[in-house]
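Report on the structure given below.
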Amino acid sequence: MKLILTADVSGLGGPGDIVEVKDGYGRNYLLPRGLAILATKGAAKQVEVIRRAQETRRVRDLDHAKEIKSSLEGLGSVTLKAKAAVGSKKLFGSVTSSDVVSAVRNAGGPALDKRAVEIGGHIKTLGKHTVSVRLHPEVTVSLAVEVAAAG
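Residue numbers (numbering that gives the first Met the number 0): 0 to 150.
Right under this line is the structure:
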């Protein structure tokens, strides 16, 4: 299935890229979420418009992403409260990207998109963990998250 991406898709491409994907991935994931449109002759003409608009935003977004990166680095470690078993380091459930976003906001950091937060695996224990935040295709910042037991 040939599609034109309308948003940045990790591991696939950026807006305006024409990609070939399996039918199920395109039909069940990319198209319903608005991340891509079908590649038709009319849509192919729109690719150039999408790319031009993206290039003008990219410079502004890159500068903005660098500002957000510096403010995130200024926070240092972010503390996040989660329910844990008494006398154990195991959590009830796991820490999600939404939890990380709200912890950053509570620490006085910038508002982030939960889709930008990439947690390597699952965080299911108390202690220090590192998550990465992809602010821009060229700007990624590592963020230290301290998971503490909720009292």
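Heads up, the beta-carbon is just placed ideally off N, CA and C, and yes, glycines get one too. Bear in mind the structure is a predicted one, so any value in this text is a computation, not a measurement.
**OP:** Tell me whether the beta-carbon of VAL144 lies closer than 8 Å to the beta-carbon of VAL85.
**Re:** 8 Å or more divides the Cβ of VAL144 from the Cβ of VAL85.
**OP:** Taking only the alpha-carbon atoms, compute the straight-line gap between VAL116 and LEU142 and give it to the nearest angstrom.
**Re:** 10 Å
Subject >> GLY92, DSSP secondary structure in three states >> reply: strand
Original post:
Does DSSP put ALA52 in a helix, a strand or coil?
Top reply: helix
Original post:
Taking Cβ positions only, does LYS65 come closer than 8 Å to chain D?
Top reply: The structure shown contains no chain D, having only a single protein chain.
Subject >> ILE118, DSSP secondary structure in three states >> reply: coil
Subject >> Whole-number beta carbon distance between ASP22 and LEU4, since they are thought to touch under 8 Å >> reply: Not quite, the Cβ-Cβ distance comes to about 16 Å (not below 8 Å), so this is no contact.
**OP:** Please report how far the alpha carbon of GLU72 lies from the alpha carbon of ALA64, in whole angstroms.
**Re:** 12 Å
Original post:
Just the Cα atoms here: how many angstroms apart are LEU2 and PRO136?
Top reply: Just so you know, the alpha carbons of LEU2 and PRO136 end up roughly 20 Å apart.
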